[in-house]
Amino acid sequence: DFSLSRFSSFEFKVRAPLRMRQRYSLEVSAFSYQKFVNFALEETQRRTHLIPSPLQEQFSSLTAIDGQTKLQMLSFQAPKIRLLRSLTIEGTEGMQVLDFAVLPEPEFDLPIFCANFFTAANMNIIVLDLNPLYDAINHADYKQKYYGGLMPLAAKYTEPLPWGGKITAESMRFFSPIVIWTKFTSSQFKHDILYSAFMDYYKAWLELMDQAAKDTDDSQIICNLEAQHKYLTWRAEKDPGHKILKKLIGETLAKDLVRSFLFNGVNTLGRKTFLDYFPEYHCEGGIINAKRSIIGKSYETRPWDTQGEFIANNLQ
Ligand code: BLA
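According to our numbering, the sequence shown is numbered sequentially starting from -9.
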């Protein structure tokens, strides 16, 4: 029966993964990022209609070379969402990783939701942001449109989750005035605050999504497409997590995971190369400088004030 088989395919593709993650969420150890993902998926379902991404068939779970570390991948799409994807890693010696991102359809100039949390033994390296599609240092209108109303939210966390110190200077153009960049040693208290920040920031992103109207001007859509492609190209080449992924699953699988799953679109949304966008990384023979940063690390303190003004002078 045609309609029945369509229904069961829906059952399989939409409901089964949700049940699966509910089951996993019962098995979590003392600390896990699984509940962050559960929250985000449930909250998204309340606002829009998620369907599994075609990527789900190819990327679902992996066991690392060590035979113990588990990688879990989930991916969905929705009317305004080109790709919502998450990677969680539960490793040995307390290693926990969350890489959660939501990439809008190119008809929307919405920010990109970005939660990158790395926990090892006792140390946590945290980036939580609504990454601007157009950098918020040079695009005042864009900054006002999306972050103007969110500065009080950022202020709520600047004290409990203070600036994490110097970072790759090139990353700043992908961060917004509300970015949470922090490091801390593990404690229940800190993890609770991080969870609260994650929920607040995700709800704020969903609210922006709800309000977002389609760009209808073709030239604007082309700009959005290129801006997203530039972002993906940066992260597919220089994201700090790549080294660990290579160690866990080997170079070939890691490359596939990065380029086809995590930063899906890098091969399809545009034709420009990394060196087209970031010529400063050009090395002799046309190869890409392996260094993550050409400028070096900078921004010792938070370079945005409470009004969202960029206050760093000359990279400090
Ligand atoms: C470190 N991760 C970092 C740092 C940043 C980020 C800013 C500090 C080091 C630096 O200045 O580069 C995150 N950088 C980002 C993000 C953007 C960016 C989100 O430009 C977005 C535009 N991190 C992960 C995953 C792993 C991971 C999946 O997201 C591991 C699998 C690990 N991040 C990781 C590790 C470090 C790190 C190990 C510290 C080591 C290092 O500094 O190289």
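Glycine residues also receive a C-beta, built at the ideal position from the N, C-alpha and C atoms.
| Item | Value |
| --- | --- |
| Quick check on M85 - is its C-beta less than 8 Å from some C-beta in chain C? | Considering every chain present, this structure includes no chain C. It has just one protein chain. |
| Between the C-alpha atoms of S288 and W171, what's the straight-line distance to the nearest angstrom? | 13 Å |
| For the ligand BLA, any of its heavy atoms closer than 7 Å to the Cβ of I157? | yes |
| What three-state label does DSSP hand T258 in the structure shown? | coil |
| With a floor of 4 residues, list each alpha helix (DSSP H) that falls wholly inside the segment 214 to 280, ordered by position along the chain. | 232 to 239, 241 to 246, 264 to 267 |
| Classify Q67: buried if its beta carbon has 16 or more other beta carbons within 10 angstroms, exposed otherwise. | buried |
| Beta-carbon separation of A194 and L143 under 8 Å? | yes |
| Cutting at 6 Å between CB atoms, please list the residues of its own chain near R13, excluding the five before and the five after it. | Note that R13 has pLDDT 48, beneath the 50 cutoff, so the model's placement of it is unreliable and the number below is only indicative. Counting only Cβ-Cβ distances below 6 Å, and skipping sequence neighbours, we find nothing. |
| Alpha carbons only, please: which of K173, D207, H39, S22 is nearest the one belonging to E149? | K173 |
| Measure the beta-carbon distance from A105 to F179 and round it to whole angstroms, keeping in mind my assumption that it falls under 8 Å. | In fact, because the Cβ distance is near 19 Å, the residues do not count as touching under 8 Å. |
| Is any non-hydrogen atom of the ligand BLA found closer than 7 Å to the C-beta of F108, if you look at the structure I gave you? | yes |
| In chain order, what residues of the same chain have a beta carbon less than 7 Å from the beta carbon of T158, not counting five sequence neighbours either side? | R282, S283, K287 |
| Does the Cβ of K156 have 16 or more other Cβ atoms within 10 Å, making it buried, or fewer, making it exposed? | exposed |
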